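**Q** The structure is given below, and queries will be raised subsequently.
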Amino acid sequence: MPLVSMKPMLAEARRRGYAVGAFNTVDYGSCKAVLAAAEELRAPVIVQLSVKTIAYWSHGTIAAWMRELGERAAVPVALHVDHCKDVKVIEGCIAHGWTSVMIDASALPYEENLARSRQVVEMAAPHGIGVEAELGQIAGVEEDLSVTEQDAHLADPQKALAFCRALDLAAFAPAIGTAHGLYKGEPRIAFDRLEAISRGTETPLALHGGTGLSDEIIQRCIGLGCAKINISTQLKHSFVDGFVDYHRQNPKDYEPLKPIDAQYRAVKDLVAGYVRQFGGAGKAG
Ligand code: 13P
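The sequence shown lines up with residues 139 to 423 when you count with the working numbering.
Listed below in structure tokens is the structure:
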């Protein structure tokens, strides 16, 4: 089926109490692996790419892979740009048929973040494109984006609710103590803030920093309205290890399709595990 906006997908997930996995892919093979896992489990899914990955391959190339893969899939698939600070990159996504975008103006003061996010919602709405925006700042490194522990701060629930009332968002990402990359210790999640935000708005919430969270944290966050869960770091590990491990075990084998297939299967298995954990299996219509 054609690629879809994540807005109705996430609204339904929030209503029914599960989360849609949003997986950061890096090439055609990883996109194909994510869709194959979703298809096998009959789950809606979000394929998201970083601005750095778009700069590497181009908007049009990625959209072409995803249109081709999406049209063959019988499950809803959204194509999303993750953590985009640059409105020009978002214009490119809109022009090339992407169905979903994240404007990350979280480093700006509240009013400027709101104004920039509103500008993107107004640009995207006529094209039926869903928008995610962030408040507070999530720590860690995600591609070109790096937020130190000192700069990271949690979302203020009152401001978060005002932000959600002011904007018609497909997903709202409040910083609640999770982080991009690998956790050094046990993450401290501000469940009190998440609960206050979740009680005050029906906007589906996006949980960033999904790699390394315990099942207990994940299920609690889903119960508190998180309907989109982002996985990037673990997918990158499976992607690289899948290829490298095959070669280590078969050092004389230089048939590229074999390590490529091992890599594909490693990513597909990883995604399938997360989709089941998030409760998305069987939810695709
Ligand atoms: P991880 O790096 O924890 O997988 O987080 C991914 C993410 O939130 C991307 O925006």
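Glycine is no exception: its CB is placed at the ideal position from the N, C-alpha and C atoms. Computed from a prediction, not measured in an experiment: that's the story for all the values here.
Please confirm whether His318 and Gly347 have their CB atoms less than 7 Å apart.
**A** Counting from one through the sequence shown, the residue named residue 318 turns up at place 180. Counting from one through the sequence shown, the residue named residue 347 turns up at place 209. Going by C-beta atoms, His318 is nearer than 7 Å to Gly347.
**Q** Mind reading off the beta-carbon distance from Ser284 to Ala216? Whole number of angstroms is fine, and I expect it under 8 Å.
**A** Against the sequence shown, residue 284 aligns to sequence position 146. Against the sequence shown, residue 216 aligns to sequence position 78. Contact doesn't hold; Cβ gap of about 26 Å is too wide.
**Q** Who are the near neighbours of Ile241 in its chain, counting only those whose CB is closer than 7 Å to its CB and skipping five residues on each side?
**A** Looking up residue 241 in the sequence shown gives position 103. For Ile241, where only same-chain residues beyond five positions count, the Cβ hits under 7 Å are Cys222, Ile228, Arg254, Ser255, Val258, Val269, Ala271.
**Q** Measuring only the C-alpha atoms, how far is Ser238 from Gln387?
**A** Here the question's residue 238 lines up with position 100 in the sequence shown. Here the question's residue 387 lines up with position 249 in the sequence shown. Rounded to whole angstroms, Ser238 to Gln387 spans 40 Å at the Cα level.
**Q** Going by other Cβ atoms of all chains shown within 10 Å of its Cβ, with 16 needed for buried, is Gly361 buried or exposed?
**A** Along the sequence shown, one-based indexing puts residue 361 at 223. Exposed, because fewer than 16 other Cβ atoms sit within 10 Å of the Cβ of Gly361.
**Q** Where does the unbroken beta strand (DSSP E) through Gly278 begin, and where does it stop?
**A** Walking along the sequence shown from the start, residue 278 turns up at place 140. Per DSSP, Gly278 belongs to the beta strand (DSSP E) from 277-280.
**Q** Across which residues does DSSP place Ser284 in a beta bridge pair?
**A** The sequence position of residue 284 within the sequence shown is 146, counting from 1. Answer by DSSP bridge pairing, in chain order: Val279.
**Q** What is the rounded straight-line gap between the Cα of Arg358 and the Cα of Gln372?
**A** Locating residue 358 in the sequence shown gives position 220, counting from the first residue. Locating residue 372 in the sequence shown gives position 234, counting from the first residue. Approximately 21 Å, taken between the alpha carbons.
**Q** Thinking just about the alpha-carbon of each residue, which of Ile276, Glu340, Thr349, Asp282 is nearest to the one in Glu150?
**A** Mapped onto the sequence shown, residue 150 falls at position 12. Closest by alpha carbon: Glu340.
**Q** Nearest to Leu148 by CA position, among Phe310, Glu333, Gly323, is which residue?
**A** Here residue 148 refers to the residue found at position 10 when the sequence shown is read from its first residue. Checking every option, the nearest Cα to that of Leu148 belongs to Phe310.
**Q** Among Leu292, Ser336, Pro342, Lys297, whose alpha-carbon lies nearest the alpha-carbon of Ile327?
**A** Translated into the one-based positions of the sequence shown, residue 327 becomes position 189. Comparing Cα-Cα distances from Ile327 to each of Leu292, Ser336, Pro342, Lys297, the minimum goes to Leu292.
**Q** If you check the beta carbons only, do Tyr384 and Ala365 fall under 7 Å apart?
**A** As a working note, residue 384 is residue 246 in the sequence shown. As a working note, residue 365 is residue 227 in the sequence shown. Against a cut-off of 7 Å, the Cβ pair of Ala365 and Tyr384 comes out as no contact.
**Q** Which of the three DSSP states is assigned to Glu272 in this structure?
**A** For the purposes of this step, residue 272 is taken as residue 134 along the sequence shown, with counting starting at 1. Correct three-state label for Glu272: strand.
**Q** Give the range of the beta strand (DSSP E) segment to which Ala404 is assigned.
**A** The residue you call residue 404 lines up with position 266 of the sequence shown. No beta strand (DSSP E) holds Ala404; the alpha helix (DSSP H) holding it covers 395-415.
**Q** Give a single yes or no on whether Ser370 has its beta carbon closer than 6 Å to a heavy atom of the ligand 13P.
**A** On the sequence shown, position 232 is the one that residue 370 refers to. Yes; taking the cut-off as 6 Å, the Cβ of Ser370 has a heavy atom of the ligand 13P nearer than that.
**Q** Give a yes or no on whether the C-beta atoms belonging to Lys396 and Asp282 are separated by under 7 Å.
**A** For this step, residue 396 is matched to residue 258 along the sequence shown. For this step, residue 282 is matched to residue 144 along the sequence shown. The answer is no: Cβ separation not under 7 Å.
**Q** What runs of the alpha helix (DSSP H), each 4 residues or longer, lie entirely inside the segment 178-230?
**A** With a minimum length of 4 residues, the continuous alpha helix (DSSP H) runs that stay inside the segment 178-230 are 189-195, 197-210.
**Q** Using only the alpha-carbon positions, how far apart do Asp353 and Arg303 sit?
**A** Here the question's residue 353 lines up with position 215 in the sequence shown. Here the question's residue 303 lines up with position 165 in the sequence shown. Spanning the two alpha carbons is a distance of roughly 31 Å.
**Q** Alpha carbon to alpha carbon, how far is Ser168 from Val378? Give it in angstroms, no decimals.
**A** To locate residue 378, count along the sequence shown from 1; it is residue 240. To locate residue 168, count along the sequence shown from 1; it is residue 30. Spanning the two alpha carbons is a distance of roughly 11 Å.
**Q** In three-state DSSP terms, what is Gly167?
**A** Translated into the one-based positions of the sequence shown, residue 167 becomes position 29. Of the three classes helix, strand and coil, the one that applies to Gly167 here is helix, per DSSP.
**Q** Could you name the residues of the same chain whose beta carbon sits closer than 8 Å to that of Glu393, not counting the 5 residues immediately before and after it, in chain order?
**A** As a first step, residue 393 is located in the sequence shown; it is residue number 255 there, counting from the start. Cβ within range, chain order: n/a, list empty.
**Q** Cβ-heavy atom distance between Gly323 and the ligand 13P below 6 Å?
**A** Against the sequence shown, residue 323 aligns to sequence position 185. Because no heavy atom of the ligand 13P lies under 6 Å away, the Cβ of Gly323 does not count as near it: no.
**Q** Have a look at Ala334, Ile192, Ala277 and flag the residue whose alpha-carbon is nearest the alpha-carbon of Ala298.
**A** Within the sequence shown, residue 298 is the residue found at index 160, counting from 1. Per the Cα distances, Ala334.
**Q** Who are Ser238's beta bridge partners in DSSP?
**A** As a working note, residue 238 is residue 100 in the sequence shown. Per DSSP, His218, Gly268.
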